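Numbered per this note's numbering, the sequence shown finishes at 257, counting up by one with no gaps.
Even glycine gets a Cβ: it sits at the ideal position worked out from N, Cα and C.
These figures come from a predicted structure and were not determined experimentally.
Following: one structure in structure tokens, then a few remarks.
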Amino acid sequence: MHMRTKKWARPELDACPFYTNGGEEYRNAWRQRFAAPERPLHLEMGCGKGVSTAAMVADNPDINYAVCDMSPDVLGTARRNIIAACGENPGNIQIIRTDICFIGRVFGPEDGAERIYIHFCNPWTEHPKHAKRRLTHPRQLMQYREILKPGGEIWFKTDDDTLFQDSLVYLDLCGFEIRYLTHDLHAAGFAPNYISEHERKFTDLGVPIKFGIFRMKEEAPEFDPTRYRLTPGIRAEALKRLDRDVNKEGDGR
5 MHMRTKKWAR PELDACPFYT NGGEEYRNAW RQRFAAPERP LHLEMGCGKG VSTAAMVADN
65 PDINYAVCDM SPDVLGTARR NIIAACGENP GNIQIIRTDI CFIGRVFGPE DGAERIYIHF
125 CNPWTEHPKH AKRRLTHPRQ LMQYREILKP GGEIWFKTDD DTLFQDSLVY LDLCGFEIRY
185 LTHDLHAAGF APNYISEHER KFTDLGVPIK FGIFRMKEEA PEFDPTRYRL TPGIRAEALK
245 RLDRDVNKEG DGR
């Protein structure tokens, strides 16, 4: 959804002590941007208006958050929401304007994130060729592998069934295993769950929210998953492995 241009957004962001435009110069040194560099680092890919982000940051002062989006209008709104919830200069948040498709240029292995959130990204279901633009596509997941600490996690939420099913396959191919999986987040009662405007809208419409927690395996894929097409055979084998993960962990869906 396109947001109207907000003339105040860029000036407010430029004056914000916890805003960075680009961020490549801080690659492998993001922890030093926080008041307490030793705290766990969580990244959010596509923070949107920051409604759920602000609540999460306020509730977890012992975690550092770096949240990314491309639109200054969106980030300007997120900044206001964060300040309303956390004060003028919270020490545990950095908001970053960047193209997430090239996130590996902004964050590196020495940043060592414990967790990456991907919530309600564009499903890109209109044309098969658009799938590579997804934030859960193997092109992205292999970049995230370089940023996450060993055993790091991806937390993924969406209202889109096709995106969720395809992403389960992507995650398997890229060396992630299921820690938790549900096809109806609100019915499952998972907590804590920080709700964005988008999530509330689709929940009110009766659309189940799909959610999973995926842990990065130590062993990287032996092949290049970015070159794989989701053929029926590849999809079926990946889903079998994922079913075994669910049964092993005892997690519900």
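Host beta strand (DSSP E) of residue i (start-end)
{"i": "V71", "result": "N68 to D73"}
{"i": "L185", "result": "F180 to T186"}
{"i": "H123", "result": "A117 to H123"}
{"i": "T24", "result": "Y23 to N25"}
{"i": "E48", "result": "L45 to M49"}
Spatial neighbours of residue i in its chain, beta-carbon cut-off 6 angstroms, leaving aside the 5 residues before and after
{"i": "G54", "result": "A82, N85 and I86"}
Residue i to residue j span [Cα, whole Å]
{"i": "Y260", "j": "G108", "result": "Outside the displayed range of the chain (5 to 257) lies residue 260, so it cannot be described from this structure."}
{"i": "K11", "j": "P65", "result": "31 angstroms"}
{"i": "M49", "j": "A192", "result": "24 angstroms"}
{"i": "K161", "j": "D18", "result": "31 angstroms"}
{"i": "L79", "j": "W128", "result": "22 angstroms"}
{"i": "I99", "j": "T140", "result": "21 angstroms"}
{"i": "N25", "j": "L152", "result": "22 angstroms"}
{"i": "N258", "j": "G52", "result": "Beyond the ends of the chain as shown, which are 5 and 257, falls residue 258; an answer cannot be given."}
{"i": "E181", "j": "R219", "result": "5 angstroms"}
{"i": "G179", "j": "G155", "result": "11 angstroms"}
{"i": "L189", "j": "P212", "result": "7 angstroms"}
{"i": "L172", "j": "E241", "result": "11 angstroms"}
{"i": "E42", "j": "R35", "result": "7 angstroms"}
Buried or exposed by the 16-neighbour rule on C-beta atoms within 10 Å, applied to residue i
{"i": "L177", "result": "buried"}
{"i": "A224", "result": "exposed"}
{"i": "K214", "result": "buried"}
{"i": "A33", "result": "exposed"}
Assumed close pair residue i, residue j - CB separation to whole angstroms, cut-off 8 angstroms
{"i": "A13", "j": "D73", "result": "Not really, about 12 angstroms apart at Cβ, beyond 8 angstroms."}
{"i": "F194", "j": "D163", "result": "Not a contact, Cβ separation roughly 15 angstroms."}
Endpoints, alpha helix (DSSP H) assigned at residue i
{"i": "Q144", "result": "P142 to I151"}
{"i": "Q169", "result": "D165 to L177"}
{"i": "R83", "result": "P76 to C90"}
{"i": "R101", "result": "Counting along the chain, R101 falls outside any alpha helix (DSSP H), though it belongs to the beta strand (DSSP E) covering I97 to R101."}
{"i": "K205", "result": "E201 to D208"}
{"i": "R31", "result": "Counting along the chain, R31 falls outside any alpha helix (DSSP H), and DSSP gives it neither H nor E."}
Close Cβ partners of residue i (< 8 angstroms) along its chain, the five nearest in sequence each way excluded
{"i": "R31", "result": "R109, V110, F111, G112 and D115"}
{"i": "H46", "result": "I67, N68, Y69, A70, A117, E118, R119, I120 and Y121"}
{"i": "M5", "result": "With a pLDDT of 49 at M5, under the threshold of 50, the modelled position of this residue cannot be trusted, and the question is left open."}
{"i": "A89", "result": "A58, A59, V61 and A62"}
Cβ neighbours of residue i in the same chain (closer than 7 angstroms, five flanking residues each side left out)
{"i": "S200", "result": "G52, V55, S56, H123 and F124"}
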